[in-house]
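Since the structure comes first, as structure tokens, the remarks are kept for the end.
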Amino acid sequence: MSRSASTRRSFLRHAAATTAALSLAPLARLRAQAAVAAPQGATPAAAPLERRRFGRTDMEVALLGFGGAEIGYEQAAPDVVAKLLNGALDSGLNVIDTAECYLESETLIGAAVGQRRKEFFLFTKCGHFVEGGGSADWSKAALLRSIERSLKRLKTETVDLVQLHSCSLEELKKGECIEALEAAKQQGKTRYIGYSGDSAAARYAVECGRFDSLQTSINLCDQECIELTLPLAAEKGMGVIAKRPIANAVWRHDAAPSNGYHLEYWKRLQELRYDFAFGEARKREDADGPAGIAMRFTAMQPGVDVLIVGTTKPERWKQNAELLRAGALRKEQAEAIRARWKAVAKADWTGQT
Ligand SMILES: NC(=O)c1ccc[n+]([C@@H]2O[C@H](COP(=O)([O-])OP(=O)(O)OC[C@H]3O[C@@H](n4cnc5c(N)ncnc54)[C@H](OP(=O)(O)O)[C@@H]3O)[C@@H](O)[C@H]2O)c1
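Read in order, the letters of the sequence shown correspond to residues 0 to 352 in numbering that gives the first Met the number 0.
Structure follows, in structure tokens:
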């Protein structure tokens, strides 16, 4: 038996045992029976990372994807992004997620790997690109313009998934923004449509039955979705993308981080006090160190298909893929993380966008 087959089996066994033990809703993922659409021309890696069927779609996604926010906000250099993405594609990456508003992220991705488009599934988002200023526009016309702009920047005629970028519950209920995505799908600009966001809006997006996928925050410091949306998303056959899947690695900071985006998770971690995230234990870089435990915890939540870890470091994707190859956490460890969350989480520890 190959190493990957053995790991896959044990990962599933652990995940199933953990699911039962945690009394979560049954893992009722309705897997599509259609043939798997692997991107053409992909180079198989020596020890391929586990792949999961993305909900009811025809995509089979490598468990570790790439999150495109960091390269945009950290203003990574084009040559660094090219090295990072080409190296990861050569090693088994097949999902790249970005958004219209991560500054130059889409342009960097288009320039770096636009010529390898058939080798990966490309996901983007819309809602925050507003011509002439403003922070968001959820009208049909603005969303369709945003999608056109994304296609140009990404150097492609169609993406695999366009997601509404964390619009409010009120906007979702109005419905115009969903109609815009449905129109884009009909026009062949995107093959699938999704919602990216958290809490009540994410729950509505799952319930309404009009989206192929959900992207939501899932990590050690953000577990609301584990009961609120994941079981229903799995039951409905939606693909699930775990965003912020390594909790922004906030254990790295001795004191409160100056980056406000990381602050809430850092504060939560001070109260959660997982033993592996403090003292000497937090320095471990293997699969039982904080990064490995964080990603393995996220990956084993029922319904999760792909973790889109953000990074600006060319070597990171391979390192993280290696950590994920260790498979699911031990049942007792996963239970302890869930129990600690349930004991400590406050009512306002909701999903962070
Ligand atoms: N509303 C939305 O739709 C929404 C919101 C947030 C995020 N997202 C998506 O989700 C993606 C991921 O979110 P994110 O980047 O905020 O969070 P994340 O993936 O949880 O954290 C990324 C951070 O973790 C660090 N890191 C990665 N691997 C590490 C390791 N092995 N050891 C130590 N540190 C490690 C990275 O630093 P290095 O640079 O040092 O690797 C980076 O600073 C985004 O890129 C974006 O695509 C979507």
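Idealized CB from N, CA, C, for every residue including glycine.
At a cut-off of 7 Å, is residue i close to ligand 1 when judged by its beta-carbon and the heavy atoms of the ligand?
i, result
"Ile245", "yes"
"Ser149", "no"
"Glu99", "no"
"Ser145", "no"
"Ile307", "yes"
"Lys248", "The amino acid at residue 248 is misidentified as Lys; the sequence shows Ala. Within the cutoff, so yes."
"Ser165", "yes"
"Lys377", "Not covered by the structure: residue 377. The range shown for the chain is 0 to 352."
"Ser195", "yes"
"Lys341", "no"
"Asp96", "yes"
"Lys124", "yes"
According to DSSP, simplified to helix, strand and coil, what is residue i?
i, result
"Arg190", "strand"
"Val94", "strand"
"Leu219", "coil"
"Arg52", "strand"
"Met0", "At Met0, the pLDDT of 32 sits below 50, so the modelled position is not reliable and the matter cannot be decided from this model."
"Ile245", "coil"
"His261", "helix"
"Pro43", "Below a pLDDT of 50, predicted positions are generally treated as unreliable, and Pro43, at 45, falls in that range; the measurement from the model is reported next regardless. DSSP places Pro43 in coil when its eight states are reduced to three."
"Phe128", "coil"
"Glu181", "helix"
"Asp78", "helix"
"Ala20", "A caution first: Ala20 carries a pLDDT of 34, below 50, which makes its placement in the model unreliable, though a value can still be read off. It is helical."
"Met58", "strand"
"Thr297", "helix"
"Phe277", "coil"
"Val305", "strand"
Just to confirm, are residue i and residue j a CB contact at a threshold of 8 Å?
i, j, result
"Lys117", "Gln162", "no"
"Ala135", "Leu168", "no"
"Pro256", "Met294", "no"
"Leu412", "Ala110", "Outside the shown range of the chain, which is 0 to 352, sits residue 412, and nothing can be said about it."
"Leu84", "Val112", "yes"
"Thr310", "Ser198", "no"
"Ile146", "Ala204", "no"
"Thr56", "Asp287", "no"
"Leu328", "Phe296", "yes"
"Leu63", "Leu306", "yes"
"Gly54", "Met299", "no"
"Leu48", "Ala61", "yes"
"Gln351", "Ser216", "yes"
"Leu88", "Phe119", "yes"
"Arg148", "Ile177", "no"
If you draw a straight line from the alpha carbon of residue i to that of residue j, how long is it in whole angstroms?
i, j, result
"Cys207", "Gly278", "45 Å"
"Val79", "Gly71", "12 Å"
"Ala290", "Phe65", "16 Å"
"Glu321", "Cys166", "35 Å"
"Arg366", "Ala254", "Here the chain has residues from 0 to 352 only, and residue 366 is not among them."
"Leu29", "Gly302", "Only weak support exists for where Leu29 lies, its pLDDT of 29 falling under 50; the coordinates are left without a value."
"Leu171", "Ala346", "24 Å"
"Gly326", "Ile292", "10 Å"
"Asp274", "Gln222", "18 Å"
"Glu59", "Val129", "33 Å"
"Arg202", "Arg337", "21 Å"
Find the nearest neighbour of residue i within the set the options, judged by alpha-carbon distance.
i, options, result
"Asp96", "Ser104, Ala76 and Ser90", "Ser104"
"Gln74", "Cys100, Leu306, Arg144 and Pro230", "Cys100"
"Arg115", "Asn93, Ile292 and Asp285", "Asn93"
"Arg51", "Val239, Arg251, Arg272 and Ala333", "Val239"
"Leu107", "Leu88, Gly86 and Ala81", "Ala81"
"Ala46", "Cys220, Lys317 and Arg339", "Lys317"
"Phe122", "His164, Ile336, Leu231 and Gln186", "His164"
"Arg339", "Met58, Glu270, Gly326 and His261", "Glu270"
"Ala76", "Thr189, Pro313 and Arg337", "Pro313"
"Cys220", "Ala276, Glu234 and Ala232", "Ala276"
So with Cβ pairs under 8 Å, would you call residue i a contact of chain B?
i, result
"Asp221", "You won't find chain B in this structure, because it holds only one protein chain."
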